[in-house]
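Peer 1: Going by my numbering, the first residue of the sequence shown is number 48, and it counts up by one from there.
Submitted below is the structure of interest, expressed as structure tokens.
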Amino acid sequence: EKGGYPDFMLKEIHEQPRVIRDTLAGRLVGGALSIDELDLTVEELNLIDRVYVIACGTSYHAGLIAKNLIEGWARIPCEVEVASEFRYRNPIITPTTLVVAVSQSGETADTLAAIRDARVKGARVFGITNVLGSPVARESDGVIYTKANKEIAVASTKSFLGQVVSLTLLALLLAQVKGKLKTNQVRFLFRELADTAEQVERILSDTSAIKEAARACVDAKSALFVGRGMGSAIACEGALKLKEISYLHAEAYPAGEMKHGPIALIDEGFPVIAVATKSPVYDKVISNLQESRARGATVVAVATEGDEEIRKYADHVIYIPKVRDAFSAITASVPLQLFARAIAVERGCDVDQPRNLAKSVTVE
Ligand code: F6R
Numbered sequence: 048e049k050g051g052y053p054d055f056m057l058k059e060i061h062e063q064p065r066v067i068r069d070t071l072a073g074r075l076v077g078g079a080l081s082i083d084e085l086d087l088t089v090e091e092l093n094l095i096d097r098v099y100v101i102a103c104g105t106s107y108h109a110g111l112i113a114k115n116l117i118e119g120w121a122r123i124p125c126e127v128e129v130a131s132e133f134r135y136r137n138p139i140i141t142p143t144t145l146v147v148a149v150s151q152s153g154e155t156a157d158t159l160a161a162i163r164d165a166r167v168k169g170a171r172v173f174g175i176t177n178v179l180g181s182p183v184a185r186e187s188d189g190v191i192y193t194k195a196n197k198e199i200a201v202a203s204t205k206s207f208l209g210q211v212v213s214l215t216l217l218a219l220l221l222a223q224v225k226g227k228l229k230t231n232q233v234r235f236l237f238r239e240l241a242d243t244a245e246q247v248e249r250i251l252s253d254t255s256a257i258k259e260a261a262r263a264c265v266d267a268k269s270a271l272f273v274g275r276g277m278g279s280a281i282a283c284e285g286a287l288k289l290k291e292i293s294y295l296h297a298e299a300y301p302a303g304e305m306k307h308g309p310i311a312l313i314d315e316g317f318p319v320i321a322v323a324t325k326s327p328v329y330d331k332v333i334s335n336l337q338e339s340r341a342r343g344a345t346v347v348a349v350a351t352e353g354d355e356e357i358r359k360y361a362d363h364v365i366y367i368p369k370v371r372d373a374f375s376a377i378t379a380s381v382p383l384q385l386f387a388r389a390i391a392v393e394r395g396c397d398v399d400q401p402r403n404l405a406k407s408v409t410v411e
């Protein structure tokens, strides 16, 4: 059942190129992007003036990535909120608000409650889920399926990638409808998005640098994940994976916040894991790495292939193929999944069934 892999988590990590391909299949119809399941007319879509992405845990992190894309491409204000907060406050919702509920299982209690609440208040609700006919699918106005297929490991990997790809499609669609991106630009971006399947395959084909970095951090008590922009969202997911399966305390911070507190944690050998891919904020991330290094941190950097300079600022470099910043979550998340798993395995943890966690959280 594990297909020759030692655990389901590793098997599922290796399924990710297929998930990307399946999630994108059939979306480019006659040269234009289409998501029929959304069940909104172009006119209705065009009226959307506010987006909330509502989710929990890893699915919430997919939302953080989506915010960058929805605001960046479609220029629609987008907020991301954990469902257990959203449902107990009084968010501003109008008939032109779009609520996107993201849930692998499709049955997370807080996310469902948030959907119900948003609909009562008049929002349109799209569900993004991995489970056919699940409550999230049934109770939303429209639904996109992530095509990850059944995910068995408790820690979410392939369904996260499916969520990120689905949300990227949604952002492209909104930008297309709003006229912020021309059809040919959307087509071009779609093709680049499809290329990430092959890039993820390449990452999976040689994981030696990831294992080496993991060995250097295995005895740590705590770790800090940092990045800026997209990298900051990716860091959140990297830290969550590590704490879930290895029980090592990990926190994510926007790198620019380091000197406002977390830098006090750093002493000799403290692991700082940085998303330092080429992006508009690359130089800023580098200066944060210098500050960490100067205080003795062991720096692990996820960096872009061909970037030799990074070696001056990091003890361990994990290279990944070059992609545009908008797609960096798809590639950069993969080494962080493998990094978390490698540490958990070294520490003798059950990576598929971490203590205290359940695959679906149907009570609040
Ligand atoms: C993390 C993880 C959890 C879930 C969260 C939401 O690896 O699995 O954080 O992401 O419980 O679950 P869904 O997406 O099913 O609503």
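Using N, Cα and C, we set each Cβ at its ideal position, and we do this for glycine too.
These figures come from a predicted structure and were not determined experimentally.
Buried or exposed for Tyr135, please, with buried defined as at least 16 other CB atoms from any protein chain shown within 10 angstroms of its CB.
Peer 2: Numbered from its first residue, the sequence shown carries residue 135 at position 88. Exposed: under 16 other Cβ atoms inside 10 Å.
Peer 1: Can you name the start and end residues of the beta strand (DSSP E) that Arg97 belongs to?
Peer 2: Working through the sequence shown from its first residue, we reach residue 97 at position 50. Taken as a continuous stretch (DSSP letters only), the beta strand (DSSP E) holding Arg97 covers 97-102.
Peer 1: Taking 7 angstroms as the cut-off, is the C-beta of Gln63 nearer than that to any heavy atom in the ligand F6R?
Peer 2: Here residue 63 refers to the residue found at position 16 when the sequence shown is read from its first residue. The answer is no for Gln63.
Peer 1: Evaluate Thr70 with the Cβ neighbour count: other Cβ atoms within 10 Å of its Cβ, from every protein chain shown; 16 or more gives buried, anything less gives exposed.
Peer 2: The residue given as residue 70 occupies position 23 in the sequence shown. Counting Cβ neighbours within 10 Å, Thr70 comes out buried, since at least 16 surround it.
Peer 1: Is Glu291 near the ligand F6R, in the sense that its beta carbon is under 7 angstroms from a heavy atom of that ligand?
Peer 2: On the sequence shown, position 244 is the one that residue 291 refers to. Because some heavy atom of the ligand F6R lies under 7 angstroms away, the Cβ of Glu291 counts as near it: yes.
Peer 1: Beta carbon of Gln151: closer than 7 angstroms to some heavy atom of the ligand F6R?
Peer 2: Locating residue 151 in the sequence shown gives position 104, where the first residue counts as 1. Because some heavy atom of the ligand F6R lies under 7 angstroms away, the Cβ of Gln151 counts as near it: yes.
Peer 1: Does the separation of the CB atoms of Val412 and Asp330 fall below 8 angstroms?
Peer 2: There is simply no residue 412 to check, as the chain begins at 48 and stops at 411 in what is shown.
Peer 1: Cys264: which of Gln63, Lys49, Thr409, Leu383 sits nearest, CA to CA?
Peer 2: Here the question's residue 264 lines up with position 217 in the sequence shown. Of the listed residues, the one whose Cα sits closest to Cys264 is Leu383.
Peer 1: Would you kindly report the start and end of the unbroken beta strand (DSSP E) that includes Cys283?
Peer 2: If you number the sequence shown from 1, residue 283 lands on position 236. Per DSSP, Cys283 belongs to no beta strand (DSSP E); it is in the alpha helix (DSSP H), 277-293.
Peer 1: Is Ala270 closer than 8 angstroms to Leu287 when the C-beta atoms are compared?
Peer 2: Position 240 of the sequence shown, counted from the first residue, corresponds to residue 287. Position 223 of the sequence shown, counted from the first residue, corresponds to residue 270. Not in contact: Leu287 and Ala270 (Cβ atoms no closer than 8 angstroms).
Peer 1: Measure the C-alpha to C-alpha separation of Leu196 and Ala341 and round it to an integer number of angstroms.
Peer 2: Counting from one through the sequence shown, the residue named residue 196 turns up at place 149. Counting from one through the sequence shown, the residue named residue 341 turns up at place 294. A small correction: the amino acid at residue 196 is Asn; Leu does not occupy that position in the sequence shown. Answer to the nearest angstrom: the Cα atoms are 45 angstroms apart.
Peer 1: Thr70: beta carbon under 7 angstroms from a heavy atom of the ligand F6R?
Peer 2: In the sequence shown, counting from the first residue as 1, residue 70 sits at position 23. Thr70: no, Cβ never under 7 angstroms from the ligand F6R.
Peer 1: Just confirm the distance between the C-beta atoms of Ile60 and Lys205, as a whole number of angstroms; I'd bet it's less than 8 angstroms.
Peer 2: Here residue 60 refers to the residue found at position 13 when the sequence shown is read from its first residue. Here residue 205 refers to the residue found at position 158 when the sequence shown is read from its first residue. That belief holds up - the Cβ atoms of Ile60 and Lys205 are roughly 7 angstroms apart, short of 8 angstroms.
Peer 1: With 16 as the cutoff for other CB atoms within 10 Å, does His307 come out buried or exposed?
Peer 2: Reading the sequence shown from its first residue, position 260 is the one you call residue 307. So His307 counts as exposed.
Peer 1: In terms of residue numbering, what span does the alpha helix (DSSP H) encompassing Ala256 cover?
Peer 2: By 1-based counting over the sequence shown, the position of residue 256 is 209. Looking at the DSSP string, the run of the alpha helix (DSSP H) that includes Ala256 is 255-264.
Peer 1: On the DSSP letters alone, give me the boundaries of the beta strand (DSSP E) that His296 sits inside.
Peer 2: Numbered from 1 along the sequence shown, position 249 holds the residue referred to as residue 296. Where His296 is concerned, the enclosing beta strand (DSSP E) stretches over 296-301.
Peer 1: Can Leu383 be considered in contact with the ligand F6R, in the sense that its beta carbon sits closer than 7 angstroms to one or more heavy atoms?
Peer 2: As a first step, residue 383 must be located in the sequence shown, where it is residue number 336. Because no heavy atom of the ligand F6R lies under 7 angstroms away, the Cβ of Leu383 does not count as near it: no.
Peer 1: Which whole-angstrom value is the C-beta distance of Val211 and Val147, which I expect to be below 8 angstroms?
Peer 2: In the sequence shown, counting from the first residue as 1, residue 211 sits at position 164. In the sequence shown, counting from the first residue as 1, residue 147 sits at position 100. Not a contact, Cβ separation roughly 13 angstroms.
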